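Engineer: In terms of my numbering, the sequence shown is numbered consecutively and its last residue is 147. Every residue, glycine too, gets a C-beta built ideally from N, C-alpha and C. This one's a predicted model, so the numbers in the text were calculated from it and none came from an experiment. Dropping the structure in here first, questions after.
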Amino acid sequence: MNPFDMMKNMKDLQKNVDKMKSQLETIFATGISGAGMVEITINGKYVITDIKIDKAIVDPEDVNTLQVLIAAAFNNASENLQQKLQEESAKMAGSFGNMFGQN
45 MNPFDMMKNM KDLQKNVDKM KSQLETIFAT GISGAGMVEI TINGKYVITD IKIDKAIVDP
105 EDVNTLQVLI AAAFNNASEN LQQKLQEESA KMAGSFGNMF GQN
């Protein structure tokens, strides 16, 4: 591969990285806990976009349980998001190999 082709491929690579960064806000993952009583959705930047809490779990005398369930739901959403991001990264890595003449 000549140097000019390599420079073009590097520019394409940067465009793909920038595109992936801009798409992070459009990738979502949801986590649940307490048999679905708490549900949290986050985007690819780990920003919480939605929280749903079943009224049955809200007990002013037992706030600790609700706190634990919220943390567990967020951690579950985080794990799910990491898996989605790895899948997206793998797709992108495949296109990088094609850019440099690899299959």
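Nearest by alpha-carbon distance to Ala121: which of Asn46, Ser133, Asp94, Glu132 is it?
Structural biologist: Numbered from 1 along the sequence shown, position 77 holds the residue referred to as residue 121. It is Asp94.
Engineer: Report yes if the CB atom of Asn124 is closer than 7 Å to the CB atom of Gly75, and no otherwise.
Structural biologist: As a position in the sequence shown, residue 124 is number 80, starting the count at 1. As a position in the sequence shown, residue 75 is number 31, starting the count at 1. A contact, by the Cβ cut-off of 7 Å.
Engineer: Compute the Euclidean distance between the alpha carbons of Ala100 and Met81, then round it to the nearest angstrom.
Structural biologist: Sequence index remark: in the sequence shown, residue 100 carries index 56 (1-based). Sequence index remark: in the sequence shown, residue 81 carries index 37 (1-based). The alpha-carbon atoms of Ala100 and Met81 are separated by roughly 8 Å.
Engineer: Tell me whether Lys135 sits in a helix, a strand or coil according to DSSP, three-state version.
Structural biologist: Reading the sequence shown from its first residue, position 91 is the one you call residue 135. Helix at Lys135.
Engineer: Please state the DSSP three-state secondary structure of Asp62.
Structural biologist: Taking the sequence shown and counting its residues from 1, the one referred to as residue 62 is at position 18. Asp62 falls in the helix class under three-state DSSP.
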